[in-house]
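Residue numbers (this note's numbering), protein chains in the order written: chain Y, 151 to 403; chain F, 118 to 398. Here a beta-carbon is modelled for each residue, glycine too, at the ideal position from N, C-alpha and C. Source: prediction; values computed, not measured. Here is the structure we will look at, set down as C-alpha cells.
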C-alpha cells in the first residue's frame with residue numbers, strides 16, 4: 151500500500167544530458183528523490199552541479215533524457231507549478247495587482263473568483279496598500295514578497311524556488327526568508343528550494359537533499375529535527391551548528 | 118522671523134503663508150530655474166547672431182548675396198512662393214511622401230521584425246540579406262527604381278520606404294531580442310504560449326525600442342524622400358533645391374532648406390510627444 155501512494159513530486163532514476171556545439175554534458179544521472187505533499191525540501195550541492203536543472207525538470211521546462219519526473223503521478227508539465235526565480239521578475243509596466251494576476255491571465259483563469267482569492271492573499275500578507283503601486287516604488291523585500299504572492303496566485307500544487315533570496319542583501323535576505331517561510335507554511339504549500347547557502351537550507355527546510363558534483367545525483371537526505379519552524383529561531387538553536395558542519399563536510403567530500 | 122519666512126516663500130514662488138521648502142532648497146530651485154532660462158536665451162541668441170552676421174555680410178556685400186543668399190532674401194522668396202500658391206503644393210508633396218514612406222517603413226518593418234523574432238530559422242536565413250541591404254547606399258538603386266516605378270511619386274515613396282525599413286527591422290529585432298530571459302522563463306513556467314509571451318512580455322517591453330526606432334526613422338524618411346526627389350521629380354522641396362541649384366537661384370535653395378528644417382523639427386517633436394504619452398515610467 152505504502153508504495154502505491156502518489157508523491158507530490160518524484161524523480162525516478164533521472165538522467166539528463168545537455169547538448170551544445172562544444173559537446174555533451176552529463177548533468178544528472180541516477181537521480182531519484184521524492185517530495186510529499188506539504189513538505190518543504192531544500193536542495194544543496196557543490197556549485198555548478200546543476201541545482202537549477204532539478205527545478206527545470208520539475209517545472210516541465212526540459213524533459214529528462216532517461217527516467218521519469220512525476221508530479222502527482224503524472225509527467226511533469228509547465229503550467230501547474232509555481233516557479234520563483236532569483237530576481238523578482240516583476241513586470242515594471244504593470245502594477246503590483248496586475249503582476250499578481252499575471253498567472254491567472256496566462257492560464258485563462260482570470261475570473262472574479264480567482265482574482266479575489268489572489269488579491270486576498272496579497273491583503274493577508276501585507277501587500278494590500280501597495281496593489282496600485284508599480285514595482286519600482288517597492289523595496290527589494292516587498293518586491294520579492296509580491297513575486298511570491300504572484301507565484302501562489304494560481305494555486306499551484308508545488309512551488310519551485312531557485313535561490314530566491316540570493317539577489318538580496320544579508321539583512322533583507324534573513325527577513326524575506328522568514329517571510330517566505332511563513333507564507334508557504336501558512337498556505338500549507340509543498341515547496342522545493344535550491345540554494346548554495348547551507349545555513350539557509352537548514353533554517354527553512356523539513357528535509358535537506360545533498361547533491362553530488364556533476365553528474366548530479368542525490369547522495370543524502372536529512373530530516374531536520376528542529377522544534378521551531380521560524381528560520382531565525384532555528385539559526386539560534388543548539389542543533390544548528392551541528393547540522394551545518396555535517397552538511398559542509400558532505401558537500402566537500 | 119516672520120519677514121524671513123515671507124522672503125523664503127517669495128523665493129519659492131509661493132504667495133504668503135509658509136514656504137513649502139527650506140530656504141536652502143528654495144535657493145537651489147531658483148538657481149536651477151535661472152540656469153534653464155539662461156540656456157534658452159543663449160540658444161535663441163545664437164540663432165539671432167548667426168542670422169544677423171549672415172544678413173550683414175550679405176547687405177555689406179562682403180560676400181555676394183547671389184552666392185550665399187541672406188535671411189531677408191529667403192523670407193522674400195518664401196513669401197513669393199506663398200503668393201503664387203506653389204509653396205504649399207511643394208510642401209504638401211514632400212510631406213505626403215515622407216509621412217506615407219515613414220508609416221509604411223515603420224509598420225512593415227515592425228511586422229517583418231516580429232516574423233523574424235517568431236521564427237529563429239527565418240531570422241538566420243535572412244540575416245545576411247538584411248546586413249547587406251543595410252550597408253548598401255540606397256541611392257545606388259536610383260536608376261533601377263526609376264526604370265521599375267517611373268518618375269512619379271511611386272518611385273520616391275519606394276525610395277523612402279527602402280531607406281527606412283531596414284533600420285526599422287534591425288532596431289525592432291534588437292528590441293525584441295533584448296527581452297529579459299528571466300521573464301521569458303517565468304512565463305514559460307506558467308505554461309504561456311509563444312503568442313502569450315509575445316503579447317504579455319515582448320511587445321510591452323519593446324516600447325522604448327519602438328520609440329527609439331521612430332526617432333531614427335523620422336530622419337531616415339526625410340533622407341529617403343529628398344533623395345528620391347533628387348533622382349527624379351517635378352515637385353517637392355527636394356525638387357526646389359535641385360532646380361534652384363541648377364538655375365543658380367541660391368535664395369530658392371536656402372528657402373527650401375529652411376522649410377525642410379522646420380518640418381523635420383516638427384515631426385521629431387511629434388515623436389517626442391508620442392514618447393511622453395506612451396512611456397509613463
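1. In chain order, which alpha helix (DSSP H) runs of at least 4 residues are fully inside the stretch 303-339 of chain Y?
2. Give me, in chain order, the residues of the same chain whose beta-carbon lies closer than 8 Å to that of residue 185/F; leave out the 5 immediate sequence neighbours on both sides.
3. Under 7 Å, CB to CB, which of the residues in the stretch 196-212 of chain Y have a partner in chain F?
4. Please list, in chain order, all residues of the same chain as residue 200/Y whose beta carbon is under 7 Å from its beta carbon, the five residues on each side excluded.
5. Mind checking which residues open and close the alpha helix (DSSP H) that includes residue 266/Y?
6. Rounded to the nearest angstrom, what separates residue 207/Y and residue 242/F at their Cα positions?
7. Could you work out which residues of chain Y lie near residue 307/F, taking near to mean beta carbons separated by less than 8 Å?
8. Please check if any C-beta of chain Y sits within less than 8 Å of the C-beta of residue 279/F.
9. Report buried or exposed for residue 157/F, applying the criterion of at least 16 other Cβ atoms within 10 angstroms of its Cβ.
10. Beta-carbon within less than 7 Å of residue 358/Y's beta-carbon, same chain only, minus the 5 sequence neighbours each way: which residues are those?
11. Sort 318/F, 381/F, 224/F by Cα distance to residue 335/F and report the nearest one.
12. Could you check what DSSP says for residue 138/F in three-state terms: helix, strand or coil?
13. Return no unless some Cβ of chain F is closer than 8 Å to the Cβ of residue 171/Y.
14. Can you tell which of 284/Y, 280/Y, 215/Y has its C-alpha closest to the C-alpha of residue 133/Y?
15. In chain order, which continuous runs of the beta strand (DSSP E) of length 3 or greater are located wholly inside the stretch 162-249 of chain Y?
16. Taking Cβ to Cβ, would you say residue 408/Y is nearer than 8 Å to residue 294/Y?
17. Counting contacts by CB-CB distance shorter than 8 Å, is residue 243/Y in contact with chain F?
18. Determine which residues of the stretch 280-293 of chain Y have a Cβ less than 9 Å from any Cβ of chain F, and write them out in chain order.
19. Classify residue 183/F: buried if its beta carbon has 16 or more other beta carbons within 10 angstroms, exposed otherwise.
20. Beta-carbon separation of residue 342/Y and residue 205/Y under 8 Å?
21. Is there a C-beta anywhere in chain F that falls below 8 Å from the one on residue 237/Y?
22. Since residue 369/F and residue 387/F should fall inside the 8 Å C-beta cutoff, what is the C-beta to C-beta distance between them, to a whole number of angstroms?
23. Please tell me whether residue 430/F has its Cβ less than 8 Å away from any Cβ of chain Y.
24. Looking only at its chain, what residues have a beta carbon closer than 6 Å to the beta carbon of residue 290/Y, apart from the 5 residues adjacent to it on each side?
25. With a Cβ-Cβ cutoff of 8 Å, do residue 362/Y and residue 394/Y count as a contact?
26. According to DSSP, what are the bridge partners of residue 160/Y?
27. Count the CB pairs spanning the stretch 345-357 of chain F and the stretch 262-269 of chain F that are closer than 8 Å, and state whether there are at least three.
28. So, at 6 Å on beta carbons, what are the nonlocal neighbours of residue 154/Y in its own chain, with the 5 sequence-adjacent residues on each side left out?
29. By a C-beta neighbour count over all protein chains shown, 10 Å radius and 16 as the cutoff for buried, is residue 167/F buried or exposed?
30. Using 10 angstroms around the beta-carbon of residue 170/Y, count the other beta-carbons present and answer buried if the total reaches 16, otherwise exposed.
31. Just to confirm, are residue 250/Y and residue 303/Y a CB contact at a threshold of 8 Å?
32. Is residue 313/F close to chain Y? Criterion is C-beta to C-beta, closer than 8 Å.
33. With a floor of 3 residues, list each beta strand (DSSP E) that falls wholly inside the stretch 128-216 of chain F, ordered by position along the chain.
34. Which residues, in chain order, does the stretch 320-331 of chain F contribute to contact with chain Y at a C-beta distance below 7 Å?
35. Distance, Cα to Cα, residue 319/F vs residue 293/F?
36. Which ranges does the beta strand (DSSP E) cover as unbroken runs of at least 3 residues, wholly within the stretch 329-390 of chain Y, from first to last along the chain?
Quick look at the numbers:
1. 320-336
2. Here residue 185/F refers to the residue found at position 68 of the second chain. Within the same chain, residue 185/F has close Cβ partners 171, 174, 175, 367.
3. 209, 211
4. Here residue 200/Y is taken as the residue at index 50 of the first chain, counted from 1. So the list reads 177, 178, 364, 366, once near-sequence residues are dropped.
5. Here residue 266/Y is taken as the residue at index 116 of the first chain, counted from 1. Its alpha helix (DSSP H) spans residues 262-274.
6. Within the first chain, residue 207/Y is the residue found at index 57, counting from 1. Within the second chain, residue 242/F is the residue found at index 125, counting from 1. C-alpha separation (whole angstroms): 32 Å.
7. Mapped onto the second chain, residue 307/F falls at position 190. Ordered by position in chain Y, the residues that pass the 8 Å Cβ test against residue 307/F are 228, 229, 233, 252, 253, 256, 257, 304.
8. By one-based count along the second chain, residue 279/F stands at place 162. So, not an interface residue.
9. On the second chain, position 40 is the one that residue 157/F refers to. Looking at its Cβ environment, which holds fewer than 16 other Cβ atoms inside 10 Å, residue 157/F is exposed.
10. As a first step, residue 358/Y must be located in the first chain, where it is residue number 208. If we look at residue 358/Y and ignore the five residues flanking it on each side, its Cβ neighbours are 192, 194, 351, 352, 372, 374, 397.
11. Mapped onto the second chain, residue 335/F falls at position 218. For residue 335/F, the nearest C-alpha among the options comes from 381/F.
12. Residue mapping note: residue 138/F aligns to position 21 of the second chain, counting from 1. Coil at residue 138/F, not helix or strand.
13. Reading the first chain from its first residue, position 21 is the one you call residue 171/Y. Residue 171/Y does not count as touching chain F.
14. Because chain Y here runs from 151 to 403, residue 133/Y falls outside it and cannot be looked at.
15. 173-185, 190-194, 216-221, 231-234
16. Outside the shown range of chain Y, which is 151 to 403, sits residue 408/Y, and nothing can be said about it.
17. Residue mapping note: residue 243/Y aligns to position 93 of the first chain, counting from 1. Yes, because at least one Cβ of chain F sits closer than 8 Å to the Cβ of residue 243/Y.
18. 284, 286
19. Against the second chain, residue 183/F aligns to sequence position 66. Classification of residue 183/F: exposed, given that the 10 Å Cβ count is below 16.
20. As a working note, residue 342/Y is residue 192 in the first chain. As a working note, residue 205/Y is residue 55 in the first chain. Yes, the Cβ-Cβ distance between residue 342/Y and residue 205/Y is below 8 Å.
21. For the purposes of this step, residue 237/Y is taken as residue 87 along the first chain, with counting starting at 1. Interface residue, yes.
22. Here the question's residue 369/F lines up with position 252 in the second chain. Here the question's residue 387/F lines up with position 270 in the second chain. That pair is no contact at about 27 Å.
23. For residue 430/F there is no data in the structure shown, the boundaries of chain F being 118 and 398.
24. Counted from its first residue, the first chain places residue 290/Y at position 140. These residues qualify, in order along the chain: 318, 322.
25. The residue labelled residue 362/Y in the question sits at position 212 within the first chain. The residue labelled residue 394/Y in the question sits at position 244 within the first chain. Cβ distance not < 8 Å, so residue 362/Y and residue 394/Y don't count as in contact.
26. The residue given as residue 160/Y occupies position 10 in the first chain. Beta-bridge pairing links residue 160/Y to 184/Y, 220/Y.
27. yes
28. Walking along the first chain from the start, residue 154/Y turns up at place 4. At residue 154/Y the pLDDT is 49, less than 50, meaning the model places this residue with poor confidence and gives no usable figure here.
29. Working through the second chain from its first residue, we reach residue 167/F at position 50. Residue 167/F comes out exposed.
30. Within the first chain, residue 170/Y is the residue found at index 20, counting from 1. Its Cβ having fewer than 16 others within 10 Å, residue 170/Y is exposed.
31. Taking the first residue of the first chain as 1, we reach residue 250/Y at position 100. Taking the first residue of the first chain as 1, we reach residue 303/Y at position 153. Their beta carbons are under 8 Å apart, which means residue 250/Y touches residue 303/Y by this criterion.
32. By one-based count along the second chain, residue 313/F stands at place 196. True, the Cβ-Cβ gap to chain Y drops below 8 Å.
33. none
34. 321
35. Residue numbering aside, residue 319/F sits at position 202 when the second chain is read from its first letter. Residue numbering aside, residue 293/F sits at position 176 when the second chain is read from its first letter. Spanning the two alpha carbons is a distance of roughly 6 Å.
36. 340-344, 357-361, 368-373
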